[in-house]
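Positions -18 to -1, 1 to 114 (mature numbering (1 follows the signal peptide of the UniProt record, and there is no 0)) are the ones given, in order, by the sequence shown. By construction, the Cβ of each residue, glycine as well, lies at the ideal position given by its N, Cα and C atoms. Structure, as structure tokens:
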Amino acid sequence: MNKLLFLVLLGTLSLAQAHTQVTSITPDAKTAVAAPKAVLLTFSEPIALRFSTFRVMAVPTGKTLEDSAKLALSLKADAPELATRPFTAGNMAARLRLPLKPGLKSGTYVIAWKILSDDGHPVSGQSVFTVK
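Given below as structure tokens:
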């Protein structure tokens, strides 16, 4: 009985300490799309947007996805290399719409993010999409 209670408590603590995750991204990485107007991100829980950074950028020739994501996150929000337009968001959100510049050229684009998880840990990640 004590062992079962311990396992239940351990599982509950693990769930309580789980980091925020991106659960959905549009456009999807598996398909080529016409130039989208925005990127949509959905998170496993609301995030503090003022402590978060989001960038979309064309993957430079010869750069890996990881290097491109680091580069994108290092740029200021109004950098000309970015495909995202500057935007203002509220304080907390579980869904986010990143407006994109019109007329994106064909190619591969990296979506990079750095968010502050509910437990205070930074979480970063990236995805890609392809414009036809």
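Residue(s) in a DSSP beta bridge with residue i
{"i": "residue 67", "result": "In DSSP, residue 67 forms no bridge with anything."}
{"i": "residue 33", "result": "Paired residue(s): none; residue 33 is not in a bridge."}
{"i": "residue 108", "result": "94"}
{"i": "residue 9", "result": "In the DSSP output, where bridge partners are listed per residue, residue 9 has none listed."}
Identity of the residue in the options nearest residue i by Cα
{"i": "residue 92", "options": "110, 35, 22 and 3", "result": "110"}
{"i": "residue 38", "options": "47, 13 and 12", "result": "47"}
Three-state secondary structure assigned by DSSP to residue i
{"i": "residue 94", "result": "strand"}
{"i": "residue 16", "result": "coil"}
{"i": "residue -1", "result": "coil"}
{"i": "residue 54", "result": "helix"}
Close beta carbons around residue i, own chain, < 8 Å, minus the five adjacent residues each side
{"i": "residue 77", "result": "22, 23, 24 and 25"}
{"i": "residue 34", "result": "95, 96, 97 and 98"}
Close Cβ partners of residue i (< 6 Å) along its chain, the five nearest in sequence each way excluded
{"i": "residue 6", "result": "24"}
Any C-beta of chain B under 8 Å from that of residue i
{"i": "residue 66", "result": "Of the protein chains in this structure there is only one, and it is not chain B."}
Same chain only: Cβ atoms within 7 Å of residue i, ignoring 5 sequence neighbours per side
{"i": "residue -5", "result": "Note on residue -5: pLDDT 41, under 50, position unreliable in the model; no value is reported."}
{"i": "residue 138", "result": "Outside the shown range of the chain (-18 to 114) lies residue 138, about which nothing can therefore be said."}
Review point. How about the region 53 to 63 and the region 92 to 102: do they share at least three Cβ pairs that are nearer than 8 Å?
Key: Output reads yes: the region 92 to 102 touches the region 53 to 63.
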